[in-house]
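Chains as they are written, first to last, in UniProt numbering: chain D, 1 to 331; chain B, 1 to 331; chain E, 1 to 331; chain X, 1 to 331.
The beta carbon of each residue, even a glycine, is placed where N, CA and C say it ideally should be.
4 protein chains.
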Amino acid sequence: MLRIGLIGAGRIARVHARSIAQNPSTTLAVVGDVVLEAASDVASAHGARATADVDSVFADAEVDAVVICSPTPLHVDHILAAVRAGKPALCEKPVAMDSAAVDELRRRLAEAGDSAPAVMMGFNRRFDPSFQAVHDAVEAGEIGTLEQVTIISRDPAAPPKEYIAVSGGIFKDMTIHDFDTARYFLGDIATVSALGQHLDPELADTGDFDGAIVTLANAAGVSATITNSRHCASGYDQRLEAFGTLGSLTADNVRPTTVRRNTATLTEAQDPYLDFFLERYEAAYARELGAFVAAIAQGRRPSPGIEDGAAALRVAEAAAESARTGAVVRL
Amino acid sequence: MLRIGLIGAGRIARVHARSIAQNPSTTLAVVGDVVLEAASDVASAHGARATADVDSVFADAEVDAVVICSPTPLHVDHILAAVRAGKPALCEKPVAMDSAAVDELRRRLAEAGDSAPAVMMGFNRRFDPSFQAVHDAVEAGEIGTLEQVTIISRDPAAPPKEYIAVSGGIFKDMTIHDFDTARYFLGDIATVSALGQHLDPELADTGDFDGAIVTLANAAGVSATITNSRHCASGYDQRLEAFGTLGSLTADNVRPTTVRRNTATLTEAQDPYLDFFLERYEAAYARELGAFVAAIAQGRRPSPGIEDGAAALRVAEAAAESARTGAVVRL
Amino acid sequence: MLRIGLIGAGRIARVHARSIAQNPSTTLAVVGDVVLEAASDVASAHGARATADVDSVFADAEVDAVVICSPTPLHVDHILAAVRAGKPALCEKPVAMDSAAVDELRRRLAEAGDSAPAVMMGFNRRFDPSFQAVHDAVEAGEIGTLEQVTIISRDPAAPPKEYIAVSGGIFKDMTIHDFDTARYFLGDIATVSALGQHLDPELADTGDFDGAIVTLANAAGVSATITNSRHCASGYDQRLEAFGTLGSLTADNVRPTTVRRNTATLTEAQDPYLDFFLERYEAAYARELGAFVAAIAQGRRPSPGIEDGAAALRVAEAAAESARTGAVVRL
Amino acid sequence: MLRIGLIGAGRIARVHARSIAQNPSTTLAVVGDVVLEAASDVASAHGARATADVDSVFADAEVDAVVICSPTPLHVDHILAAVRAGKPALCEKPVAMDSAAVDELRRRLAEAGDSAPAVMMGFNRRFDPSFQAVHDAVEAGEIGTLEQVTIISRDPAAPPKEYIAVSGGIFKDMTIHDFDTARYFLGDIATVSALGQHLDPELADTGDFDGAIVTLANAAGVSATITNSRHCASGYDQRLEAFGTLGSLTADNVRPTTVRRNTATLTEAQDPYLDFFLERYEAAYARELGAFVAAIAQGRRPSPGIEDGAAALRVAEAAAESARTGAVVRL
């Protein structure tokens, strides 16, 4: 039984707390958040301890591994704290606010040496059953040579403006998931071209895009196209198509039921998409935790790792640059 | 070029007139209907002659074959007239109002001898591209041994009460098509069990059922289930499923476009079904005529023939009896 | 926290054990099965006690309610034992092997009086999210007046012949679920007509049907058609259509992913259906337990109750009679 | 009855010949092609005259309007010949090989004055029932403010290398249709960004791309993303999604039947897509001709016109430039 310390007690921390509680190989030992009330709230739901002294979680003798759900600016510090404490960590995306911070992290990790405990990045979509099935079928050669990947990724509604203000921008905050999905299929990205959109007038004063079209290609010329929007009337729109020489594979949205309605004006109408990431990616979060636990148990480096986080972040920075300048950015 | 005489100028005659005009191997020569205005109306649309002297069509030296779209009580006389005139005939369903009339027809045809011209029954659904594809895949063994056929067949709206009054009842008028479809898959029917429904209170005084559930089986125990209704809010509901040991095949409804709508309350909503038989079975009527023409050209007996019409009629009579008595009728 | 005693440790008991363990309001206290090893196996997976003395479970002071998963011939005894012990029971279907046994049960329950604890029947499909959504939409009048219900229900593969030999026949063993689903939509059934099929030659010597077509109607003439098969190549085929004056609602099969495949020979190909009831109805079992717990907590009689079990059993007996005689059976 | 002269007798000319023959308001008078055998072949199928003297078609007193299906380098000359002859013309895309040629065409047309007969561009996809239904629903405000259009457009197989060599490149030859579709939804395009792909090694020596990702935006920031490939295993892949503030609309591929297959390994598998443009866009070509005829009959300028052809060509040139330089091109 792997005893897990949870760093942070926000929205995503609750998702992980639940996965930890339901996984037969893990137990939630302690939740650390500077807001003790939040930590207690999450902890008590699963019979765990709570503390406002976040650093104490890393030192806790009853903790075997940590799941880092703190604000992004603290990720590097918390990853390093886990490594120093000799505890494997599963860290939410993105790995840091910018690539400079990642370089510093890399330098510090190098000092820790090869024996340092593993860090896994929380790119949960790699563990979505449908996306993974498409990926594995592509890897198995089912559609021949992969040529074009099309990703549609739209949130149901924009987060509060206060969140957007400190999010690092749409590419690092939202598209980062899709960049990782693109890398999941294409490997390293060679070129990035992006169009940013200001769709919702209500968000104009955030200075951030709330829509984006990004075209990526790897060195072999395989493309990935990402379409993002901060809003979608029908729910959390998460789809993917992989096209190759022998055919194509798609992963569709998920709905709460299989019900279809037929009336005088429409037929085969289904439910809106599952909304939001907690519901849509519930299985993905659980399987992500399972992969983390299995890697630790088997002494393997978990995947995706910090370099995957670093690569997705570089693509995000390149996309932001391309959206600003209009030029393709080569990595 | 096969010169065709059209017997009758009603709704279904117009469908055939159009098929004849569009088929590169046929031309519409003359339209005969006791209501000259109706005959002229259909004829003029395709540059054909019109006559109120229906018998003259059979004798017409410029006519190579006839398509019989007269009222059902006249079918037997018109089939015999065609046979006497030595002209192949395509006759709309049902072959007659009752099996006694078919026996009389058979006796008279026997007198005409084996060299008499062929008669084809207008069971158009055998020529629907989707139903035929399912049928041919079943015949090819794609789903192993056929075990259960499920037919959903609902009209968009009931015909006028005057029509119902002389229709011979739902089983001979509407279900007859589904009985032929069942025979298309099962061959000869051994047992018939039917439930009649009075669904629309407006039709209660017609004395006819406006809904029906019929269960058929052939001697080998393969079943066919038919669900009928005289109304369907979403249009002309025409579906079929063939289930066998190795899998199943379905034919879905047809819609005017492939458009799907997604809103805040529903997703993937499609158009209502094509409504009505003219639109839904346009390709089927054209291919039925093609099969008739090809059989004549090649000197083959066209299929389905009079015995198929007779068999479907016997099933219809059995269904009516079962709906009345509650007992299975064995044929 | 409701402490539950589980009666039986077979396949379906394991499903309930898992639901109990995952429900935040319930805990698995003890598992009773005459085969101690089986009881221990189920119990240990969830930290519960095991006993071969099944009767002791009812008397257990640490048990607040029981879930009865014993063989059908023991259901009546176990229901009565629970009632005598003053403990609410959730009992798997069917309530008994025949209606005579149900009559005896009723007589004995009447002696226990109105204050006897409630018994709920485990017709899990009423709690399937999709079936329930269709049901609730029908109740809400979304499709106007309900007219025809079509149920397709096929198991992926036949159970062992030894199971079939003691199962009571396909209607009581398998169709009983569909009879309850029909009653869920139609209420009391007035007429039953059934066709039994011998599809798989391997099962011929069981003497039981392995396919069935059943047509039910309530007093108002609303129909329900059930198509059963003991095998289905594509998995556990569980579908439902409710048709009414204003439209129709369908519940489709469930698949493990949303992936669709496109190749040179086919497009939009999806995964086989979830196979088998554990996977397909996982949510239904969990929600069924939730309904049981909620009814107890609120002092309500849980639904469906014993009379629902009795009614479904009567329909099953009528179907068996109709399949034998060919006549409609009126209830 | 509009008597039409057909300029050219190649693949696309045959499509138009058939539409003309089937349209009740048009008749095919004459087919002109320098290869007399080709002209005769097309003409004889529809009872028309044939000539190798293409210029004579414009002068023909029995010709009321022309449909221009000559090679692209001749389009400008043939448009001008029609205008000089006072005959309305429907001209296949693209209007010319480059924008310089269009400028010259414009100059010459200006000399002809406002009373010159109308020229319509053959962007057939605007007349596809599904694309048009999406377009009209967008215009009607059904999805609120349009924000993102996604176009997938893949040919089933690449044309011969000889064709590619003189095609003007993928953007002018293939994507030009999608550029017009984008303009159909977005109006004038403000920015163009393109990625060209060399997918099929067999085509490497053509020097042309055989895959492309193009991102367009209009002045209001509405985006259109186009994904092209010269090959697609499943057939002619033609899809479209329009996304707006209140929902989205999609148009799916078309298949020859509605059949779905279910086996032990897959379910709901449909037929490959209709292949190729003749089959897929048969209705679109017929409706395009209908729009041309209606505009002439009503004295309206047909749409899309030469300026639409010119605009699509400018976007194609910009896409080629962007694919070469990596920079966004502003129009």
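Residues sharing a beta bridge with residue i, DSSP
i: GLY122/E; result: GLU92/E
i: ASN228/E; result: SER153/E, ALA212/E
i: VAL329/X; result: VAL192/X
i: THR263/B; result: Paired residue(s): none; THR263/B is not in a bridge.
i: ILE68/E; result: ILE7/E, CYS91/E
i: GLN197/X; result: GLY211/X
i: VAL31/X; result: LEU6/X, ALA50/X
i: THR250/B; result: GLU241/B, ARG260/X
Cutoff 8 Å: residue i Cβ touching any chain B Cβ
i: THR263/D; result: yes
Within-8 Å CB hit, residue i to chain E
i: ALA251/D; result: yes
i: GLY5/B; result: no
i: ALA233/X; result: yes
i: PRO156/D; result: no
i: SER130/D; result: yes
Secondary structure of residue i, DSSP reduced to three states
i: ARG255/E; result: coil
i: ASP237/X; result: strand
i: ILE4/D; result: strand
i: THR245/E; result: coil
i: GLN270/X; result: strand
i: GLN148/B; result: strand
i: GLN298/B; result: coil
i: ALA220/X; result: coil
i: GLY309/E; result: helix
Contact list for residue i against chain X, beta-carbon separation under 7 Å
i: GLN238/E; result: What GLN238/E touches in chain X: nothing, since even the nearest Cβ is about 13 Å away.
i: ALA133/B; result: THR257, VAL259
Cross-chain neighbours of residue i in chain E, by beta carbon under 7 Å
i: GLN148/B; result: GLY211, THR227, SER229
i: TYR273/X; result: THR267
Test: residue i CB closer than 8 Å to a CB of chain D
i: VAL15/E; result: no
i: residue 334/B; result: Residue numbering for chain B in the displayed model covers 1 to 331; residue 334/B lies beyond these limits and cannot be assessed.
i: VAL254/E; result: yes
i: GLY221/X; result: yes
i: THR215/X; result: yes
Any chain X beta carbon closer than 8 Å to residue i
i: LEU195/D; result: yes
i: SER322/B; result: no
Interface residues of chain E facing residue i [CB-CB closer than 8 Å]
i: GLY247/D; result: ARG261, ASN262, THR263, ALA264
Contacts of residue i in chain D (Cβ-Cβ under 8 Å)
i: GLN270/B; result: LEU266, THR267, GLU268, ALA269
Where residue i meets chain D, residues with beta-carbon distance less than 7 Å
i: LEU199/X; result: GLU147
Chain E residues whose Cβ lies nearer than 9 Å to that of residue i
i: PRO94/D; result: Within chain E, no residue comes near PRO94/D; the closest Cβ sits about 27 Å away, beyond 9 Å.
Cross-chain neighbours of residue i in chain X, by beta carbon under 9 Å
i: ALA327/D; result: THR325, GLY326, ALA327, VAL328
Inset, instruction - Would you check if the stretch 157-174 of chain X and the stretch 181-190 of chain D touch, i.e. whether three or more CB-CB distances between them fall below 8 Å? - result: In short, these stretches do not touch, since the Cβ pair count stays below three.
Legend entry - Cβ contact check for the stretch 70-84 of chain B and the stretch 106-118 of chain B: 3 or more pairs under 8 Å: Under the Cβ criterion (8 Å, minimum of three pairs), the stretch 70-84 of chain B counts as touching the stretch 106-118 of chain B.
Inset, instruction - Report yes or no: do three or more beta-carbon pairs, one from the stretch 291-303 of chain X and one from the stretch 296-309 of chain E, lie closer than 8 Å? - result: No, because fewer than three Cβ pairs between the stretch 291-303 of chain X and the stretch 296-309 of chain E fall closer than 8 Å, the two stretches do not touch.
Legend entry - Meets three-Cβ-pair contact criterion under 8 Å: the stretch 267-277 of chain D and the stretch 249-262 of chain X: No: the two stretches stay apart, fewer than three of their Cβ pairs being nearer than 8 Å.
Inset, instruction - Tell me, please, whether the stretch 316-323 of chain E touches the stretch 135-145 of chain E by the rule of three or more beta-carbon pairs shorter than 8 Å. - result: Result no; under three Cβ-Cβ pairs closer than 8 Å.
Inset, instruction - Assess, as a yes-or-no matter, whether the stretch 128-137 of chain X is touched by the stretch 230-249 of chain X under the definition of 3 or more beta carbon pairs within less than 8 Å. - result: The stretch 230-249 of chain X makes contact with the stretch 128-137 of chain X, as at least three CB pairs between them are under 8 Å.
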